[in-house]
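Asks:
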Amino acid sequence: MTGVPLTVIGGFLGAGKTTVVNHLLRNATRRWGVLVNDFGAINIDAALIAAHDGDTIALTNGCVCCGMSDDLGAGLARLATRASPVEHVIVEASGVSDPRRIAQYALVEPGYSLEPIVVVADARALSEQLHDRWVADTVRAQLAAAEIVLLNKIDLADPATLAAACCAIATIRPGVRVAELCHGAVSEDLLRFPGARATRFHADAPPWHEFVTWHWLPPAALDRERLRTMLRALPASVLRVKGFCRLAPDAAPHLLQFASGQWTLSPADALEPSMVVIGTPDLPHPDALTALFGKTLASSQPDES
Amino acid sequence: MSAETRVFVARRIVTLNPSLPHATHVAVREGRILGVGGPDMLDAFGPAALEQRFANDVIVPGFVEGHGHAVTGLMWRNPYVGYFPRTAPDGTQHPGFRSIADVVAYLRQIEAAMPDADRPLIAWGFDPIYFAGPRMTRADLDAVSTRRMVVVAHVSGHILNVNGAVLERAGFSADSNLDGLARDASGALTGELQGPAVMGRANRVTGDAGLLRAIDVPALRDYAATARRVGVTTSTDLANVLSDADVAVLRAATEADDFPLRLVPAMRAREYSVADGIARLTALRRLSTDRLYFGIAKLVVDGSIQGLTARLRWPGYHNGAPNGLWYVAPAELGGIVEAYHRAGLQLHIHTNGDEASELATEMIGRAISAYPRADHRHTLQHCQMADEAIFRRMQTFGMCVNLFSNHIYYWGEQHRTVTMGPSRALRLDACGTALKVGVKLAIHSDTPVTPVDPLFTMWCAVNRITAEGRVLGEAERITPAQALQAVTLGAAYTLHLDHRIGSIDVGKFADFAVLDRDPLEVEPMALRDISVRATVLGGCVFDNT
Numbered sequence: 003m004t005g006v007p008l009t010v011i012g013g014f015l016g017a018g019k020t021t022v023v024n025h026l027l028r029n030a031t032r033r034w035g036v037l038v039n040d041f042g043a044i045n046i047d048a049a050l051i052a053a054h055d056g057d058t059i060a061l062t063n064g065c066v067c068c069g070m071s072d073d074l075g076a077g078l079a080r081l082a083t084r085a086s087p088v089e090h091v092i093v094e095a096s097g098v099s100d101p102r103r104i105a106q107y108a109l110v111e112p113g114y115s116l117e118p119i120v121v122v123a124d125a126r127a128l129s130e131q132l133h134d135r136w137v138a139d140t141v142r143a144q145l146a147a148a149e150i151v152l153l154n155k156i157d158l159a160d161p162a163t164l165a166a167a168c169c170a171i172a173t174i175r176p177g178v179r180v181a182e183l184c185h186g187a188v189s190e191d192l193l194r195f196p197g198a199r200a201t202r203f204h205a206d207a208p209p210w211h212e213f214v215t216w217h218w219l220p221p222a223a224l225d226r227e228r229l230r231t232m233l234r235a236l237p238a239s240v241l242r243v244k245g246f247c248r249l250a251p252d253a254a255p256h257l258l259q260f261a262s263g264q265w266t267l268s269p270a271d272a273l274e275p276s277m278v279v280i281g282t283p284d285l286p287h288p289d290a291l292t293a294l295f296g297k298t299l300a301s302s303q304p305d306e307s
Numbered sequence: 019m020s021a022e023t024r025v026f027v028a029r030r031i032v033t034l035n036p037s038l039p040h041a042t043h044v045a046v047r048e049g050r051i052l053g054v055g056g057p058d059m060l061d062a063f064g065p066a067a068l069e070q071r072f073a074n075d076v077i078v079p080g081f082v083e084g085h086g087h088a089v090t091g092l093m094w095r096n097p098y099v100g101y102f103p104r105t106a107p108d109g110t111q112h113p114g115f116r117s118i119a120d121v122v123a124y125l126r127q128i129e130a131a132m133p134d135a136d137r138p139l140i141a142w143g144f145d146p147i148y149f150a151g152p153r154m155t156r157a158d159l160d161a162v163s164t165r166r167m168v169v170v171a172h173v174s175g176h177i178l179n180v181n182g183a184v185l186e187r188a189g190f191s192a193d194s195n196l197d198g199l200a201r202d203a204s205g206a207l208t209g210e211l212q213g214p215a216v217m218g219r220a221n222r223v224t225g226d227a228g229l230l231r232a233i234d235v236p237a238l239r240d241y242a243a244t245a246r247r248v249g250v251t252t253s254t255d256l257a258n259v260l261s262d263a264d265v266a267v268l269r270a271a272t273e274a275d276d277f278p279l280r281l282v283p284a285m286r287a288r289e290y291s292v293a294d295g296i297a298r299l300t301a302l303r304r305l306s307t308d309r310l311y312f313g314i315a316k317l318v319v320d321g322s323i324q325g326l327t328a329r330l331r332w333p334g335y336h337n338g339a340p341n342g343l344w345y346v347a348p349a350e351l352g353g354i355v356e357a358y359h360r361a362g363l364q365l366h367i368h369t370n371g372d373e374a375s376e377l378a379t380e381m382i383g384r385a386i387s388a389y390p391r392a393d394h395r396h397t398l399q400h401c402q403m404a405d406e407a408i409f410r411r412m413q414t415f416g417m418c419v420n421l422f423s424n425h426i427y428y429w430g431e432q433h434r435t436v437t438m439g440p441s442r443a444l445r446l447d448a449c450g451t452a453l454k455v456g457v458k459l460a461i462h463s464d465t466p467v468t469p470v471d472p473l474f475t476m477w478c479a480v481n482r483i484t485a486e487g488r489v490l491g492e493a494e495r496i497t498p499a500q501a502l503q504a505v506t507l508g509a510a511y512t513l514h515l516d517h518r519i520g521s522i523d524v525g526k527f528a529d530f531a532v533l534d535r536d537p538l539e540v541e542p543m544a545l546r547d548i549s550v551r552a553t554v555l556g557g558c559v560f561d562n563t
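In order, the protein sequences belong to chains W and B.
First residue of the first sequence? That's 3 in my numbering, and the numbers climb one at a time after it.
First residue of the second sequence? That's 19 in my numbering, and the numbers climb one at a time after it.
1. Counting beta carbon pairs with one atom in the stretch 109 to 119 of chain W and one in the stretch 263 to 282 of chain W, are three or more of them shorter than 8 Å?
2. Using 10 angstroms around the beta-carbon of GLU22(B), count the other beta-carbons present and answer buried if the total reaches 16, otherwise exposed.
3. Can you tell me whether LEU125(B) is buried or exposed? The criterion is at least 16 other CB atoms within 10 Å of its CB, across all chains shown.
4. Specify, as a first and last residue, the run of the beta strand (DSSP E) that ILE354(B) falls within.
5. Using a cut-off of 9 Å between C-beta atoms, extract the partners of THR266(W) located in chain B.
6. Using three-state DSSP, classify LYS19(W) as helix, strand or coil.
7. Establish whether the CB of VAL121(W) and some CB of chain B are separated by less than 8 Å.
8. Please identify the residue among ALA528(B), GLN500(B) and GLU186(B) whose C-alpha is closest to the C-alpha of THR164(B).
9. Reducing DSSP to helix, strand and coil, say where TYR98(B) ends up.
10. By the 7 Å beta-carbon criterion, what residues does the stretch 120 to 147 of chain W contribute toward chain B?
11. Grab the span of the alpha helix (DSSP H) containing ARG102(W) for me, first residue to last.
12. May I ask which residues mark the beginning and end of the alpha helix (DSSP H) holding THR90(B)?
13. Considering HIS425(B), what are the terminal residues of the beta strand (DSSP E) in which it resides?
14. Please work out which residues of its chain come closer than 6 Å, Cβ to Cβ, to ALA159(W), disregarding the five sequence neighbours upstream and downstream, and give them in chain order.
15. By alpha-carbon positions, which one of GLY5(W), GLY16(W), VAL6(W) and LEU8(W) ends up nearest to GLY186(W)?
16. Which residues in chain W have a C-beta closer than 8 Å to the C-beta of ARG50(B)? List them in chain order.
17. Once the 5 residues before and after GLY109(B) are set aside, which same chain residues still bring their CB inside 7 Å of it?
18. If ASN370(B) and ASP405(B) are in contact, beta carbons under 8 Å, what's the gap, nearest whole angstrom?
19. Assess, as a yes-or-no matter, whether the stretch 478 to 486 of chain B is touched by the stretch 423 to 430 of chain B under the definition of 3 or more beta carbon pairs within less than 8 Å.
20. With a threshold of 16 other CB atoms inside 10 Å of the CB of THR20(W), please say whether the residue is buried or exposed.
21. Less than 8 Å between CB atoms is the rule here; does ASP55(W) satisfy it with respect to chain B?
22. Leaving aside the five residues before and after GLU117(W) along the sequence, list all residues of the same chain whose C-beta is less than 7 Å from its C-beta, in chain order.
23. Following the continuous alpha helix (DSSP H) through CYS558(B), name the residue where it begins and the one where it ends.
24. Can you tell me whether ARG116(B) is buried or exposed? The criterion is at least 16 other CB atoms within 10 Å of its CB, across all chains shown.
25. Does the beta-carbon distance from PHE530(B) to ARG518(B) come in below 8 Å?
26. State yes or no: is the beta carbon of VAL180(B) nearer than 8 Å to at least one beta carbon in chain W?
27. How would you list, in chain order, the residues of chain B whose beta-carbon sits under 7 Å from the beta-carbon of ASP73(W)?
28. Expressed to the nearest angstrom, what Euclidean distance is found between the alpha-carbon atoms of VAL82(B) and LEU502(B)?
29. So which residues of chain B does PRO7(W) contact, with C-beta pairs closer than 7 Å?
30. Taking all protein chains shown into account, do 16 or more other C-beta atoms lie within 10 angstroms of the C-beta of GLN70(B), making it buried, or fewer, making it exposed?
31. My output table needs one value for GLU129(B): the three-state DSSP class, helix, strand or coil.
32. May I ask you to list the residues that DSSP assigns as paired with GLN212(B)?
33. Look at GLY383(B) and PHE415(B) and say whether their C-beta atoms are less than 8 Å apart.
34. DSSP three-state label for PHE41(W), please.
35. Quick one, are the C-beta atoms of LEU421(B) and LEU363(B) less than 8 Å apart?
Printed below as a string of structure tokens:
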């Protein structure tokens, strides 16, 4: 296990982030730990509330919902040390924040594994927001950070408006997966990268799996410097690399977490070396990836130059 | 009429009272001003005691710091390592540091004297922008200690330098390739941390809450001592959660007879839902005393210019950095402004960039047009890049401004060369335009961001000279009389207190600053060299000597 999955939900004010969070909490099949920006907007049926303590609500279904004060890192640290651990953490970003900045906390705080950056957009308002004199750049930056867009309120948008919203998203973030929904009714599966072994080469991959995964079992210890060099040069189609490896010279086990150019490589308990690469459909071919990652082996021959 | 009457005599009293601009005697009874004039004050109101200790000095209205933070009183619990000299609450002058080597040598001394080996050493106020040569690195701070965690916080609030012990405890290594962790050419971490994620983690491992530390009574007393020493008799605490505990501390401190300051805390509105915040502030207003005033809500719209997080209009940052951040969505700001406005409360809104000032002005204008309310005095705080058109609209809507004149000195060169460029920097904190257009004006320090010292703030607004000695925006200079008004009656107006403080007039509190020279007569360049001999608060003298 590379860490507790953490999904950032961003998107502009009014897009429906809190509705998504409410939907998830109400229909939970896993124990969510949710950090919300506006605690007052969380609307839980009284029957679902097991305990309400200041800025924290514990639900009868095992979920917990916490108000986020100024320090998101502290909130994540508190969640990580709870007596009854959560299975997946959702961070609801504020309506004006850059979700990429929020996602960085998942790399800085130990114990988390960054799942897709989800950005909720208001199908009816998006085109207008992208032309607003004050908020256009903020909305654009949020969409540019998205790894999945939840296009919400499609029931309120006429076909032309909906088409314009889709077109705008495709322009700002070409190729990004867009899931259309109403009333924030999101499928839980959208908040995680596809699980083990599901790849585009897998015939049964669900249709929304527009992420591609590739697995690598490092056959021997890696060279730290070669690994760094390889990570620095990864193409933009690589969204995540996570897993365990051993580093030469003493084969010390390490945990690697890579997300869109940032990464941490930290000592870990000994586990079987195994890495997963998650990317967009433009991910290099498995043969190319095998060659790329193979060059990080301490035993491999350096390139002639 | 048995209450005692005391008459203060001075070489000159600058009253800011239009009916009698200058006087020599002021009669005080029950903490308030009974009469202002000449020697006739001595027997105009029956028997009176004559106070001659200021006979050779100049009395002006007590200064009003319209944008300060009481957290200033906590800063000195940690060592100061800033570039500019600064005065501690006990009056000790701390010299500025002119090189990294000097900072390190000082921290080594402090470290050697620390008894508890585990306590982190956290220094504040570091300001290397005028240092030549390389930036501070972890090697510099490892030279202070390799065992003890050492943190040097930059005065900008946006950067920390830490030693290896902090990096290790935070889990940051050469293999932490995270935004905000600076590296040298070899890829090693330099110990410079930027951004809330990595800075927040470092603060958590050292146990330092930075500027969010809770203020206690001793800290408030230290802040009051710092402000009093420079002639301030009323100060804001412009971002206070105003929890029950905060209010208890404010009340306990200001109820003490020897507390030398009137305090005006502003509630951090975003700590509450809109409805809760309005209810809270409305309830708190009833707790106001002569020394403690509630009723202002604080909002923050954008970041800072030097941190490149202020919202700017075209053409944006001179160095090409992307536009800054909204701290509140524009539409949401409109809703909050309207709600507080309708509830009869007053808003003090932080805007640094011109786009933020334009937005806040627009939203206040909409609220006022929909729900007319005379005398609201909503105020833009900092408002550093407003141009004439924004000021004109502010005037139309009856808004006030509190400009950050100290910025001209402390960051003027940065704004000229990096953030604003040579043209727009001329209108940085444009006091001249604000007054010409008729906007009610205050000027401020934002202590602890820059030191509280209203005479220095006046000097900045009057001379507009940067730390490198360059005049920035000569046409925006104001006169010493206008500057004096801005740090007294002008600031009092933005707090809805101009009927009680800010000038020396019958019925007002006997709040004075006692100076060795007349700020309206000295050379403008000498304004900052005027000595504050004492303050008088409600007739009680607090001597500086």
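Ideal placement from N, C-alpha and C gives every residue a C-beta, glycine not left out.
Replies: Here's the rundown:
1. yes
2. The residue given as residue 22(B) occupies position 4 in the second sequence. Exposed, because fewer than 16 other Cβ atoms sit within 10 Å of the Cβ of GLU22(B).
3. What you label residue 125(B) is simply residue 107 of the second sequence in a count that begins at 1. Answer is buried; the Cβ neighbour count reaches 16.
4. Counted from its first residue, the second sequence places residue 354(B) at position 336. No beta strand (DSSP E) contains ILE354(B), which is instead part of the alpha helix (DSSP H) from 348 to 360.
5. As a first step, residue 266(W) is located in the first sequence; it is residue number 264 there, counting from the start. Within chain B, the residues near THR266(W) are GLY189, PHE190, SER191, ASP193, SER194, ASN195 and LEU196.
6. Mapped onto the first sequence, residue 19(W) falls at position 17. Correct three-state label for LYS19(W): helix.
7. Mapped onto the first sequence, residue 121(W) falls at position 119. By this cut-off, VAL121(W) is not an interface position.
8. As a position in the second sequence, residue 164(B) is number 146, starting the count at 1. For THR164(B), the nearest C-alpha among the options comes from GLU186(B).
9. Within the second sequence, numbered from 1, the residue matching residue 98(B) stands at position 80. Strand, per DSSP.
10. TRP136, VAL137, ASP139 and THR140
11. Taking the first sequence and counting its residues from 1, one reaches residue 102(W) at position 100. 101 to 110 is the extent of the alpha helix (DSSP H) around ARG102(W).
12. The residue you call residue 90(B) lines up with position 72 of the second sequence. Its alpha helix (DSSP H) spans residues 90 to 93.
13. The sequence position of residue 425(B) within the second sequence is 407, counting from 1. It is not in any beta strand (DSSP E) - HIS425(B) instead sits in the alpha helix (DSSP H) that spans 424 to 428.
14. Along the first sequence, one-based indexing puts residue 159(W) at 157. Cβ within range, chain order: ALA125 and ARG126.
15. To locate residue 186(W), count along the first sequence from 1; it is residue 184. It is GLY16(W).
16. Position 32 of the second sequence, counted from the first residue, corresponds to residue 50(B). Going along chain W, no residue has its Cβ under 8 Å from ARG50(B), so there is no contact; the nearest lies around 42 Å.
17. The residue labelled residue 109(B) in the question sits at position 91 within the second sequence. So the list reads ARG247, once near-sequence residues are dropped.
18. Within the second sequence, the letter at position 352 stands for residue 370(B). Within the second sequence, the letter at position 387 stands for residue 405(B). Contact flag wrong, Cβ pair sits at about 14 Å.
19. yes
20. As a working note, residue 20(W) is residue 18 in the first sequence. Burial call: buried.
21. Residue 55(W) sits at position 53 when you count from the first residue of the first sequence. By this cut-off, ASP55(W) is not an interface position.
22. Within the first sequence, numbered from 1, the residue matching residue 117(W) stands at position 115. Cβ neighbours of GLU117(W) beyond the five flanking positions: PRO7, LEU8, THR9, LEU193, ARG194 and PHE195.
23. What you label residue 558(B) is simply residue 540 of the second sequence in a count that begins at 1. Where CYS558(B) is concerned, there is no enclosing alpha helix (DSSP H), although the beta strand (DSSP E) it sits in stretches over 558 to 561.
24. Numbered from 1 along the second sequence, position 98 holds the residue referred to as residue 116(B). Answer is exposed; the Cβ neighbour count stays below 16.
25. Locating residue 530(B) in the second sequence gives position 512, where the first residue counts as 1. Locating residue 518(B) in the second sequence gives position 500, where the first residue counts as 1. Against a cut-off of 8 Å, the Cβ pair of ARG518(B) and PHE530(B) comes out as no contact.
26. Residue mapping note: residue 180(B) aligns to position 162 of the second sequence, counting from 1. False, the Cβ-Cβ gap to chain W never drops below 8 Å.
27. The sequence position of residue 73(W) within the first sequence is 71, counting from 1. Under the 7 Å cutoff, chain B gives GLY218.
28. As a first step, residue 82(B) is located in the second sequence; it is residue number 64 there, counting from the start. As a first step, residue 502(B) is located in the second sequence; it is residue number 484 there, counting from the start. Near 10 Å, if we compare the C-alpha coordinates of LEU502(B) and VAL82(B).
29. Walking along the first sequence from the start, residue 7(W) turns up at place 5. Those do not exist, as PRO7(W) stays about 18 Å from chain B at its closest Cβ, beyond 7 Å.
30. One-based indexing of the second sequence puts residue 70(B) at position 52. Classification for GLN70(B): exposed.
31. For the purposes of this step, residue 129(B) is taken as residue 111 along the second sequence, with counting starting at 1. Reduced to three states, the DSSP call for GLU129(B) is helix.
32. Along the second sequence, one-based indexing puts residue 212(B) at 194. Answer is ILE177(B), bridged to GLN212(B).
33. Within the second sequence, numbered from 1, the residue matching residue 383(B) stands at position 365. Within the second sequence, numbered from 1, the residue matching residue 415(B) stands at position 397. Cβ atoms of GLY383(B) and PHE415(B): closer than 8 Å.
34. By 1-based counting over the first sequence, the position of residue 41(W) is 39. Reduced to three states, the DSSP call for PHE41(W) is helix.
35. For the purposes of this step, residue 421(B) is taken as residue 403 along the second sequence, with counting starting at 1. For the purposes of this step, residue 363(B) is taken as residue 345 along the second sequence, with counting starting at 1. Going by C-beta atoms, LEU421(B) is not nearer than 8 Å to LEU363(B).
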